[in-house]
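Undergrad: One structure coming up, written as structure tokens, with questions to follow.
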Ligand code: TMP
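In the working numbering, the protein residues as written are 308 to 513.
Following this line, the structure appears as structure tokens:
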């Protein structure tokens, strides 16, 4: 099963994913927990280029292609082999982030971004996508409160950009109803964990 975790900045998705992975492992599941952009040395190198705060003149289409390149490398080296071995793959961000950030917020068009990603992924869609939904204001407030988290180039975008990200994610959730599950990430962490855990258990039939 290929599970992706999506949502805006400060939605707590990575913290919740860590807890879910631990619970699944305790139940004996073989889980690969990974993230995008990155997850393998080559893909992490691409991540560094994309998220470097000094790369202010990175072209929007070049950025979209770098995300797609990093995604493909990660699929080839890590995700596809793990799925072939019957493991559960939990990936923090995937293709839907490109649709929301580059397609929606950056204005390149969701269909254009879907096209380059169909080439990159050969049509590999997740079985389940958990969308951690929270307003950008609330999310950014949480980032500011978390001194340990490094601020990246996309965090520095204006609030309007983050509103478009959220709106596009919600549109995607509506378009891909079969695989999308919306989690109310504005709730306290323990509640968010339980919402996500209940949904994962339901999907796994446990
Ligand atoms: P994160 O590791 O904190 O989630 O940061 C990754 C950043 O990259 C985040 O701001 C979202 C952004 N992103 C895109 O814009 N497009 C993508 O396809 C992916 C995977 C991430």
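Glycine included, every Cβ here is placed at the ideal spot set by N, Cα and C.
Using a threshold of 7 Å, is the CB atom of residue 374 nearer than that to any non-hydrogen atom of the ligand TMP?
TA: The count along the chain shown starts at 1 and reaches residue 374 at position 67. True, at least one ligand heavy atom lies under 7 Å from that Cβ.
Undergrad: If we count the other Cβ atoms within 10 Å of its Cβ and call it buried at 16 or more, is residue 495 buried or exposed?
TA: Residue 495 sits at position 188 when you count from the first residue of the chain shown. Exposed, because fewer than 16 other Cβ atoms sit within 10 Å of the Cβ of residue 495.
Undergrad: Within the continuous alpha helix (DSSP H) that includes residue 491, where are the two ends?
TA: Taking the first residue of the chain shown as 1, we reach residue 491 at position 184. Not the alpha helix (DSSP H): residue 491 falls in the beta strand (DSSP E), residues 487-491.
Undergrad: At a cut-off of 7 Å, would you count residue 405 as near the ligand TMP, judging by its Cβ distance to the nearest heavy atom?
TA: For this step, residue 405 is matched to residue 98 along the chain shown. Within the cutoff, so yes.
Undergrad: Contact defined as beta carbons within less than 8 Å: I believe residue 319 pairs with residue 439. What is the distance between those atoms, to the nearest angstrom?
TA: On the chain shown, residue 319 is found 12 positions in, with the first residue counted as 1. On the chain shown, residue 439 is found 132 positions in, with the first residue counted as 1. Contact holds; Cβ gap of about 6 Å.
Undergrad: Have a look at residue 420 and residue 346 and give me their C-alpha separation to the nearest angstrom.
TA: One-based indexing of the chain shown puts residue 420 at position 113. One-based indexing of the chain shown puts residue 346 at position 39. Approximately 21 Å between the Cα atoms of the pair.
Undergrad: Give every residue of the same chain whose Cβ lies closer than 6 Å to the Cβ of residue 488, excluding the five residues on either side of it in the sequence, and list them in chain order.
TA: If you number the chain shown from 1, residue 488 lands on position 181. Closer than 6 Å at Cβ, skipping near neighbours: 437, 506.
Undergrad: From this set, 354, 381, 490, which residue's C-alpha is nearest residue 369's C-alpha?
TA: As a first step, residue 369 must be located in the chain shown, where it is residue number 62. Residue 354 is the option with its Cα nearest to residue 369.
Undergrad: With H, G and I counted as helix, E and B as strand and the rest as coil, what does DSSP make of residue 342?
TA: Position 35 of the chain shown, counted from the first residue, corresponds to residue 342. If DSSP states are grouped into helix, strand and coil, residue 342 belongs with the strands.
Undergrad: Let me know if residue 503 comes out buried or exposed under the rule of 16 or more other beta-carbons within 10 Å of its beta-carbon.
TA: Locating residue 503 in the chain shown gives position 196, counting from the first residue. Buried, since its Cβ has 16 or more Cβ neighbours within 10 Å.
Undergrad: Spell out the partners DSSP gives residue 399 in its beta bridges.
TA: Position 92 of the chain shown holds residue 399. Paired residues: 312, 342.
Undergrad: Measure how close the beta-carbons of residue 362 and residue 356 come, nearest whole angstrom, since I'm counting them as under 8 Å.
TA: Locating residue 362 in the chain shown gives position 55, where the first residue counts as 1. Locating residue 356 in the chain shown gives position 49, where the first residue counts as 1. Contact holds; Cβ gap of about 7 Å.
Undergrad: Would the C-beta of residue 502 count as close to the ligand TMP, meaning under 7 Å from any of its heavy atoms?
TA: Numbered from its first residue, the chain shown carries residue 502 at position 195. No - the ligand TMP has no heavy atom lying nearer than 7 Å to the Cβ of residue 502.
Undergrad: Whole angstroms is fine: what's the gap from residue 431's alpha carbon to residue 425's?
TA: Position 124 of the chain shown, counted from the start, is the residue given in the question as residue 431. Position 118 of the chain shown, counted from the start, is the residue given in the question as residue 425. Roughly 8 Å separates the two Cα atoms.
Undergrad: Which stretch, first to last residue, makes up the beta strand (DSSP E) that contains residue 432?
TA: What you label residue 432 is simply residue 125 of the chain shown in a count that begins at 1. Note, residue 432: premise wrong, no beta strand (DSSP E); not H, not E.
Undergrad: The alpha helix (DSSP H) spanning residue 348 covers which residue range?
TA: For the purposes of this step, residue 348 is identified with residue 41 of the chain shown, where counting begins at 1. Its alpha helix (DSSP H) spans residues 348-358.
Undergrad: Take residue 474 as the anchor and find which of 457, 417, 459 has the nearest alpha-carbon.
TA: Mapped onto the chain shown, residue 474 falls at position 167. Nearest of 457, 417, 459 to residue 474, Cα basis: 417.
Undergrad: Grouping DSSP H, G and I as helix and E and B as strand, with all else coil, what is residue 337?
TA: Taking the chain shown and counting its residues from 1, the one referred to as residue 337 is at position 30. Reduced to three states, the DSSP call for residue 337 is coil.
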